[in-house]
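**Q** Just so you know, our numbering puts 133 at position 126 of the sequence shown, and the rest follows in order with no gaps.
Ideal placement from N, C-alpha and C gives every residue a C-beta, glycine not left out.
Bear in mind the structure is a predicted one, so any value in this text is a computation, not a measurement.
One structure, pasted below without further comment.
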Amino acid sequence: MSGGTENGDGCRSSIESYYRLHAWIYDATRWSFLFNRAGLVRLLGQSVAAPARILEVGCGTGKNLVLLNRRFPTAHITGLDLSEAMLEKARRKTLSLTAGSSALVRSCYDAPVSEGAPFDLVLFSYALSMFNPGWKAALAAAFQDLRAGGVMAVVDFHDTAFPLFRRWMGVNHVRMDAHLLGRLEEMYEPCIRRIHRAYGGLWRYFMFAGTKG
Numbered sequence: 008m009s010g011g012t013e014n015g016d017g018c019r020s021s022i023e024s025y026y027r028l029h030a031w032i033y034d035a036t037r038w039s040f041l042f043n044r045a046g047l048v049r050l051l052g053q054s055v056a057a058p059a060r061i062l063e064v065g066c067g068t069g070k071n072l073v074l075l076n077r078r079f080p081t082a083h084i085t086g087l088d089l090s091e092a093m094l095e096k097a098r099r100k101t102l103s104l105t106a107g108s109s110a111l112v113r114s115c116y117d118a119p120v121s122e123g124a125p126f127d128l129v130l131f132s133y134a135l136s137m138f139n140p141g142w143k144a145a146l147a148a149a150f151q152d153l154r155a156g157g158v159m160a161v162v163d164f165h166d167t168a169f170p171l172f173r174r175w176m177g178v179n180h181v182r183m184d185a186h187l188l189g190r191l192e193e194m195y196e197p198c199i200r201r202i203h204r205a206y207g208g209l210w211r212y213f214m215f216a217g218t219k220g
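Here's what the structure looks like:
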């Protein structure tokens, strides 16, 4: 999923160009890489009190927005993404949602967007690993956007023991240095923490949810 970074205009343009092309094949191809997106939403539905306001950062084509609406039908859901091409796909997916239950915002994510109405749940699904070096700014913005007692949820790439694969993922704007999970554990009290192997250990990904104190 795509989202905003603090990399500067050149890198931001690179990300937008990347997703302008990939938006058309994203859903058909990413199932083989982006594991447990639906699994995390399912776990949240089992462990999180019904949120009134949800923000997904890097919402991409809107797959999770639909899943979140099904799991939390009374919530107002905001999807944020940097790529207009991805948001156009998301608009088509969210047409069937109840009127007024969702909103789409085109923006980078280096500052809060809640405007005085904090969110009960903030979700990043395979987005933070692409914010380089903007992941710290995104986590800081999310912390401010989340109410006290609210839940931060992340599913993302963790690491790989294979340098060639790490470099190849880097070409696709993904960092796999196990840099995210520790910071999340420092900021939030974990209620979900799982690390899974993909393709026999070619890489690992993690699922995390934690409460803001």
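Which whole-angstrom value is the C-beta distance of G69 and M214, which I expect to be below 8 angstroms?
**A** Going by Cβ atoms, the distance from G69 to M214 rounds to 20 angstroms, so no, they are not a contact pair.
**Q** Going by CA-CA distance only, name the one from A97, G52, V64 that's closest to L152.
**A** Correcting the residue type first, residue 152 is Asp in the shown sequence and not Leu. It is V64.
**Q** So does the region 48–64 actually touch the region 73–85, counting three or more Cβ pairs closer than 8 angstroms?
**A** Enough Cβ pairs lie closer than 8 angstroms, so yes.
**Q** Counting beta carbon pairs with one atom in the region 94–113 and one in the region 129–141, are three or more of them shorter than 8 angstroms?
**A** Too few Cβ pairs lie closer than 8 angstroms, so no.
**Q** Measure the alpha-carbon distance for D7 versus E192 and round it to whole angstroms.
**A** Residue 7 falls outside the range modelled here, since the chain spans only 8 to 220, and no answer is possible.
**Q** Under a Cβ-count criterion, where at least 16 other Cβ atoms within 10 Å of its own Cβ denotes burial, should V178 be classed as buried or exposed?
**A** Exposed.
**Q** Taking T101 and L72 to be in contact with their CB atoms under 8 angstroms, please state how far apart those CB atoms are, rounded to whole angstroms.
**A** With a Cβ gap of about 6 angstroms, T101 and L72 count as contacting.
**Q** Please specify which runs of the alpha helix (DSSP H), each continuous and at least 4 residues long, are wholly inside the region 41–119, giving them in chain order.
**A** Complete alpha helix (DSSP H) runs here, min 4: 44–54, 70–78, 91–101.
**Q** Using the rule of at least 16 other Cβ atoms within 10 Å of the residue's Cβ for burial, across every protein chain shown, is Y212 buried or exposed?
**A** Flag for Y212 reads buried.
**Q** Where A57 and L130 are concerned, what is the direct C-alpha to C-alpha distance, given to the nearest angstrom?
**A** Going by the C-alpha atoms only, they are around 14 angstroms apart.
**Q** Assuming contact is defined by CB atoms lying nearer than 7 angstroms, are R44 and S132 in contact in what I supplied?
**A** It is a contact, given that the beta carbons lie within the stated cut-off.
**Q** For the ligand GDP, is there a heavy atom less than 6 angstroms away from the beta-carbon of A145?
**A** Absence of the ligand GDP is noted for the structure shown, with no ligands found whatsoever.
**Q** Which residues in the same chain as A136 place their Cβ atom closer than 6 angstroms to its Cβ, once the five residues preceding and following it in sequence are excluded?
**A** In the sequence under discussion, the amino acid at residue 136 is Ser, which differs from the Ala named in the question. Closer than 6 angstroms at the Cβ level, and outside the excluded window around S136, lie D163, F164, V181, R182.
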